[in-house]
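Going by the working numbering, the first sequence opens with residue 464, and the numbers climb by one from there.
Cβ atoms here follow ideal geometry from the backbone N, Cα and C, with glycine treated the same way.
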Amino acid sequence: MSNGRTYDKYVSRGNIFLEIRHLMKGYDSMTIDEILHRDIEIGNYMDILSRAMNGNTPDNIFVYGQTGIGKSMVTKMVTSQLEADAHKYNINVKTAYINCEAVHTNTGVLKRINSRMLPKSILHKTMNSFDAHFLVFCDIINKFDGIPIIIFDEVDKLSNPDILNIFARIKENDFTDKNICIIGVTNDLKFVEKLDSRTRSVLSKSTIVFSPYTAIQLSDILNQRAKIAFRNNCLSEAVIPLCSAFAAQEHGDARKALDLLRVSGEIAEREGVIVVEEIHVRKAKEHLELDEVKEVIRTLPLQTKLVLASCVYCTSEGASKVLTRDIYNTYKRFSYSTGFETLTQRRVTDLLSMLDMFGIIITEIAHKGRYGRTKEISLNMPHDVTLAVLLDDSALTPLKDIALQKKQAECSLQAFSTI
DNA sequence: CCTCCACAGGAAGCGCAGGAGT
DNA sequence: ACTCCTGCGCTTCCTGTGGAGG
């Protein structure tokens with residue numbers, strides 16, 4: 464017996480992609496020669512790092528640029544190429560790559576560097592402080608016969624950037640007998656300004672700025688990947704230029720462009736067609752934008768979710784715009800029924816401003832004369848989507864009953880009005 | 001023209017949590 | 001294991017706002 468819930472309908476699918484992984488995030492199994500439109504940046508990088516080929520430590524480098532424009536990929540490529548080329552001339556270059564988003568405390572960073580520089584590095588169990596790890600690090604560097612390079616990707620995420628100063632002055636302060644080359648990668652253009660002047664002067668000896676990709680450059684990158692990711696004749700002519708144009712509008716982000724192309728293909732595949740068309744790109748754009756906001760909502764703190772739930776509740780009561788007062792009254796009810804502490808109205812206005820900043824709600828100051836100044840608030844997201852994401856949080860489960868009761872009330876009201 | 005409403009939002013300070021130092 | 005430091009979330013207190021209504 465079949466109830467229609469079988470996998471049969473999926474059999475005919477899979478006609479579009481050849482190897483989807485070439486469009487996936489983090490896919491970088493290319494060679495340095497295959498990287499497109501980063502010739503200037505790669506050239507600058509190689510000029511600075513080339514000193515290592517004569518056995519000298521290169522200057523520290525700071526790399527800037529928006530997200531998705533190839534900073535990390537190029538950095539990894541040029542340093543691994545340097546390791547390989549130096550090896551041919553019996554020069555030892557060793558690179559430790561640290562993503563400061565994943566490891567941001569000083570001790571954590573040192574631990575990671577030590578394990579990269581010397582995988583078998585050991586630390587006495589009773590010693591777990593920064594100093595202990597630092598001593599191990601100095602020991603590794605002193606015994607290492609070559610040029611150490613440490614890459615701090617997303618360096619602005621370091622909880623204490625002073626650690627950069629320690630590395631930069633390690634020889635000057637007699638901790639080791641050799642210098643270290645430090646590469647800091649960031650998309651925060653003001654990061655260097657936040658550093659103290661000593662750290663700044665040592666670290667930003669050389670600077671490489673990555674410029675955003677243009678729409679034409681993005682087209683080239685997409686074409687390069689599409690050739691290996693899609694089957695022949697599966698993309699209509701307009702698809703790649705449109706993906707590139709959309710991504711170019713958003714700071715020339717290649718990651719966005721690739722996502723757009725991949726999701727367009729997935730949507731087309733789901734629809735059971737064999738050619739990706741312009742309409743699929745537009746649907747993919749909407750889908751990705753909605754996904755981004757949904758992710759923001761999912762990661763909001765609980766109190767902010769409660770405030771947002773109040774906005775959803777109030778604006779679904781027929782009024783497209785509601786006032787701060789209404790939101791706050793509903794919020795008080797919600798916080799009571801979920802058992803959370805009730806924040807002050809002052810704090811709630813801050814949370815509303817934050818939701819406005821995220822683009823989840825729209826707020827407008829309304830001067831109502833004698834009736835005071837307030838904010839008019841409307842939801843900038845579909846009600847059902849927002850509610851579904853909010854109710855995914857188990858802490859907000861009690862609100863499910865309120866939403867259900869409301870829905871029932873609306874149905875009975877509708878039934879009443881149709882009589 | 002002045003008053004008043006109902007907040008918005010800045011400033012200062014408190015308490016807590018997590019990381020660093022000892 | 002303890003203390004210190006720092007950042008963050010939050011509160012309280014306060015001033016500013018601009019148009020309706022007297």
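Cut-off 6 angstroms between Cβ atoms - residues of its own chain near residue i, not counting five sequence neighbours on either side
i      : result
Asn650 : Gln529 and Thr530
Tyr791 : Gln808 and Val811
Asn623 : Asn569
Lys588 : For Lys588, the predicted model reports a pLDDT of 46, less than 50, meaning its position is unreliable; a value from the coordinates is still stated below. Cβ within range, chain order: n/a, list empty.
Ala878 : Caution applies to Ala878, whose pLDDT of 49 falls short of 50 and renders its modelled position unreliable; the model cannot decide the point.
Ala829 : Thr837 and Glu839
Lys863 : Leu854
Phe593 : Asn569 and Thr570
Ala701 : Glu741
Ile865 : none
Thr787 : Thr837 and Lys838
Met820 : none
Cβ-Cβ separation, residue j to residue i (assumed contact under 8 angstroms), whole Å
i      : j      : result
Val648 : Phe615 : 7 angstroms
Arg694 : Ile483 : Not a contact, Cβ separation roughly 11 angstroms.
His567 : Lys620 : 5 angstroms
Asn628 : Val599 : Not confirmed; about 19 angstroms, so no contact.
Cys697 : Val726 : About 15 angstroms; that fails the 8 angstroms criterion.
Ile645 : Ala631 : 6 angstroms
Ala717 : Ala678 : The Cβ separation is near 11 angstroms, so there is no contact.
Tyr560 : Val537 : Not quite, the Cβ-Cβ distance comes to about 13 angstroms (not below 8 angstroms), so this is no contact.
Ile495 : Met540 : 4 angstroms
Proximity below 8 angstroms, CB of residue i to CB of residue j
i      : j      : result
Lys641 : Thr762 : no
Leu751 : Leu723 : yes
Gly609 : Val556 : yes
Thr558 : Ile524 : no
Ser800 : Pro861 : yes
Thr767 : Leu814 : yes
Val744 : Leu771 : no
Leu581 : Ile603 : yes
Asp502 : Ser669 : no
Ser707 : Glu740 : no
Ile721 : Tyr527 : Checking the sequence, you will find Leu at residue 721 rather than Ile. Contact flag unset, no.
Cys601 : Thr662 : no
Ala689 : Leu765 : no
For residue i, the three-state DSSP class (helix, strand or coil)
i      : result
Leu481 : coil
Ala829 : strand
Pro611 : strand
Ile823 : coil
Arg761 : helix
Asp616 : strand
Ala559 : strand
Tyr676 : coil
Glu839 : strand
Cys644 : strand
Leu723 : helix
Ile511 : helix
Tyr552 : coil
Leu581 : coil
Val785 : strand
Ile498 : coil
Val739 : strand
Thr807 : coil
Phe693 : strand
Thr649 : strand
Ala878 : Residue confidence is low: Ala878 scores 49 on pLDDT, short of 50, so the model does not pin down where it sits. No coordinate-derived value is stated.
Phe638 : coil
Residues near residue i in its chain [Cβ-Cβ closer than 8 angstroms; skip 5 each side]
i      : result
Ser816 : Thr826
Leu499 : Gln680, Asp683, Ile684 and Gln687
Thr778 : Lys784, Val785, Ile840, Ser841, Leu842 and His846
Cys563 : Val572, Phe615, Asp616, Glu617, Val618, Asp619, Lys620 and Leu621
Tyr552 : Met516
Val852 : Lys757, Ile760 and Arg761
Ser475 : In this prediction, Ser475 has a pLDDT of 48, which is less than 50 and means its spatial position is unreliable; what the coordinates show is noted afterwards. The answer, listed in chain order, is Gly735.
Phe746 : Just to set this straight, residue 746 is Lys in the shown sequence, not Phe. Taken in chain order, the residues that qualify are Ser727 and Ile730.
Sequence-distant residues of its chain with Cβ nearer than 7 angstroms to residue i (five each side left out)
i      : result
Glu597 : Position check: residue 597 holds Phe in this sequence, whereas Glu was assumed. So the qualifying residues of the chain are Leu573.
Phe709 : Leu723 and Lys748
Glu713 : Lys719
Ala692 : Phe480, Leu481, Glu482, Ile483, His485 and Leu486
Ile626 : Asn569 and Val572
Met844 : Val756 and Ile823
Is it a yes or a no for the stretch 795 to 808 touching the stretch 723 to 736, going by three-plus beta-carbon pairs under 8 angstroms? Counting Cβ pairs under 8 angstroms, fewer than three are found: no touch.
Any chance the stretch 530 to 547 sits against the stretch 668 to 680, with 3 or more Cβ pairs inside 8 angstroms? Output reads yes: the stretch 668 to 680 touches the stretch 530 to 547.
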